[in-house]
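Working notes for the structure below.
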Amino acid sequence: MIYLFADDPHVQSLGRIGEEEGGARRLIFPASYLRLRFLGSSLQVLVENHHDYWNSALGVLEGTRQSVLPVPESGASWLSIPLDPDATEHDITLFKRQDACNEVTIQAFLLDEEAQLLDPPALPDRRIEVFGDSVSAGECCEALFYRGQEDPEHEGEYSNSFYSWPWITARHFHAQLHDIAQGGIALLPHTGYYHEDRGAIGMCQVFDKVQYNEDLGPVTRWDFTRYTPDVVIVALGQNDCHPGWNLSPDNLSCWESAYEAFLCMILRVYPDCRIVCATGIIRHDGRIDEAIERVVRRLDSPQISHLLFTGNGKTTPGHPRIPEQQQMAKDMIRHIESLGIWPEKEKSCGRTSEVSYAVSEG
Numbered sequence: 007m008i009y010l011f012a013d014d015p016h017v018q019s020l021g022r023i024g025e026e027e028g029g030a031r032r033l034i035f036p037a038s039y040l041r042l043r044f045l046g047s048s049l050q051v052l053v054e055n056h057h058d059y060w061n062s063a064l065g066v067l068e069g070t071r072q073s074v075l076p077v078p079e080s081g082a083s084w085l086s087i088p089l090d091p092d093a094t095e096h097d098i099t100l101f102k103r104q105d106a107c108n109e110v111t112i113q114a115f116l117l118d119e120e121a122q123l124l125d126p127p128a129l130p131d132r133r134i135e136v137f138g139d140s141v142s143a144g145e146c147c148e149a150l151f152y153r154g155q156e157d158p159e160h161e162g163e164y165s166n167s168f169y170s171w172p173w174i175t176a177r178h179f180h181a182q183l184h185d186i187a188q189g190g191i192a193l194l195p196h197t198g199y200y201h202e203d204r205g206a207i208g209m210c211q212v213f214d215k216v217q218y219n220e221d222l223g224p225v226t227r228w229d230f231t232r233y234t235p236d237v238v239i240v241a242l243g244q245n246d247c248h249p250g251w252n253l254s255p256d257n258l259s260c261w262e263s264a265y266e267a268f269l270c271m272i273l274r275v276y277p278d279c280r281i282v283c284a285t286g287i288i289r290h291d292g293r294i295d296e297a298i299e300r301v302v303r304r305l306d307s308p309q310i311s312h313l314l315f316t317g318n319g320k321t322t323p324g325h326p327r328i329p330e331q332q333q334m335a336k337d338m339i340r341h342i343e344s345l346g347i348w349p350e351k352e353k354s355c356g357r358t359s360e361v362s363y364a365v366s367e368g
């Protein structure tokens, strides 16, 4: 058998991923992944789950096939990755389906003794980064029978970042993606739904972190020199009125100041990027979108723009399902194309752009 550490040069990684002792890689953010190409007949992966809430599962991509790999709640486990039985050459992407309701450490891979490792393809030059909430993470998007309705009871099984509008958008542009998205998060601490029983963490705290959940490990900082995006999308504001925060003029003024400071912080670390501001299509008070528009107008920068999605703030009381995520991606794609930063659009990355969604529908 061939034993391969997760930091082996044959293993390609993408996303804001934690680096641990022994070459292990911790998948924290949605849409982050490890990719491996080889000739062979079997593949296993050694994983360790760091569980916070909901059930944990990784996604597996091979060509146009997608499968779900459940991860045990605790301890290290060897898991068999399903392979295309009709192929001898395999191109496997193991990705984070969910946000940090759990974190998964990938320690190593095990291949059959006759396997031959192949070099991974070069990553594309274009780069996108998203700072968002559950919608950007693809939460509950596979609950197709609940389109336009509240979410069903679930344990995370309907979440799939592959069908999130950020990853659909990145695939369209054949761009790398860092999807810094967390369900329930707001811009500021002590607001929003994420860890509200523990004080609530805000995106302004997550912004420069890899590991940000102290319950799952020591907080670690991100090195911004490792990834410089062309486009940064700020998709926040959906959760910022919780708990009990009213949209009075004074409160909105304070929130606007914090939002403006957040955009300026992005420009300090990425001075040449374009920033797109947005919220989402879950029902919410439009005064948040109006506040964002005022900030964009006040900054009056050619680098900063504002997008209202189709049906913004009124489409659904629950999370967007796959068709709504696809529409949001279309809106974002048109907006980015209008910026003119990538005038010669390359074809999308075909190996992952046409995976069907034969998923559970409740």
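Quick note on the numbering used here: the sequence shown kicks off at 7 and runs consecutively.
Ideal placement from N, C-alpha and C gives every residue a C-beta, glycine not left out.
According to DSSP, residue i sits in a beta bridge with which residue or residues?
| i | result |
| --- | --- |
| Ile112 | Arg31 and Val53 |
| Glu95 | Leu45 |
| Tyr9 | Leu116 |
| Phe268 | Answer by DSSP bridge pairing: none, since Phe268 is not bridged. |
| Ser62 | Val77 |
| Trp251 | In the DSSP output, where bridge partners are listed per residue, Trp251 has none listed. |
| Leu258 | None, per the DSSP bridge assignment. |
| Val136 | Asp185 and Ile239 |
| Glu25 | Arg31 |
Residue i to residue j, Cα distance in whole Å?
| i | j | result |
| --- | --- | --- |
| Cys247 | Gly189 | 15 Å |
| Ser80 | Ser344 | 47 Å |
| Gly28 | Ser48 | 23 Å |
| Thr231 | Gln50 | 33 Å |
| Gln72 | Arg227 | 32 Å |
| Tyr276 | Leu269 | 10 Å |
| Tyr39 | Pro255 | 43 Å |
| Val225 | Leu193 | 19 Å |
| Ser259 | Leu305 | 15 Å |
| Lys102 | His160 | 18 Å |
| Ile98 | Gln309 | 37 Å |
| Leu10 | Ala30 | 11 Å |
| Glu54 | Met7 | 21 Å |
| His290 | Pro126 | 43 Å |
| Asp221 | Pro349 | 44 Å |
| Ala264 | Lys215 | 19 Å |
| Trp261 | Pro15 | 44 Å |
| Ile342 | His178 | 11 Å |
| Ser359 | Ala267 | Annotation note: pLDDT 43 at Ser359 (below 50); position unreliable, coordinate value reported separately. When rounded, the distance between both Cα atoms is 36 Å. |
| Asn61 | Gly162 | 6 Å |
| Glu148 | Glu25 | 30 Å |
| Leu117 | Asn166 | 27 Å |
With C-beta atoms as the reference, is residue i less than 8 Å away from residue j?
| i | j | result |
| --- | --- | --- |
| Ile34 | Glu109 | yes |
| Trp173 | Ala284 | no |
| Arg280 | Ile347 | yes |
| Gly319 | Ile287 | yes |
| Val212 | Ile239 | no |
| Leu52 | Ala121 | no |
| Thr175 | Ala335 | yes |
| Thr197 | Trp251 | yes |
| Gln217 | Leu20 | no |
| Leu64 | Leu100 | yes |
| Phe315 | Leu242 | no |
| Ala139 | Ile191 | The question names Ala, but residue 139 is Asp in the sequence shown. Taking 8 Å as the Cβ cut-off, Asp139 and Ile191 qualify as a contacting pair. |
| Leu42 | Val17 | yes |
| Ser170 | Gly154 | no |
| His96 | Asp90 | yes |
| Val301 | Ser311 | no |
| His180 | Arg133 | no |
Count the other CB atoms within 10 Å of the CB of residue i; is the residue buried (16 or more) or exposed (fewer)?
| i | result |
| --- | --- |
| Phe44 | buried |
| Tyr152 | buried |
| Asn4 | Examination of residue 4 is not possible in this model, given that the chain is present from 7 through 368 alone. |
| Tyr59 | exposed |
| Thr111 | buried |
| Asp92 | exposed |
| Val77 | buried |
| Pro326 | buried |
| Tyr4 | The question about residue 4 has no answer, for the chain in this structure spans 7 to 368. |
| Tyr200 | buried |
| Ser86 | exposed |
| Trp84 | exposed |
| Met338 | buried |
| Gly205 | exposed |
| Asp278 | exposed |
| Leu313 | buried |
| Met209 | buried |
| Arg340 | exposed |
| Ala128 | exposed |
| Ala82 | exposed |
| Asp236 | buried |
| Glu296 | exposed |
| Arg274 | exposed |
Closer than 7 Å to a non-hydrogen atom of the ligand MN - does that hold for the CB of residue i?
| i | result |
| --- | --- |
| Arg274 | The ligand MN is absent from the structure shown, which contains no ligand whatsoever. |
Scan the stretch 156-239 and note each continuous beta strand (DSSP E) run of 3 residues or more that stays entirely inside, going in chain order. The qualifying runs are 182-187.
As an exercise, report each continuous beta strand (DSSP E) stretch of at least 3 residues that is fully enclosed by the stretch 283-354, in chain order. Counting whole runs of 3 or more residues, the stretch 283-354 contains the beta strand (DSSP E) stretches 310-312.
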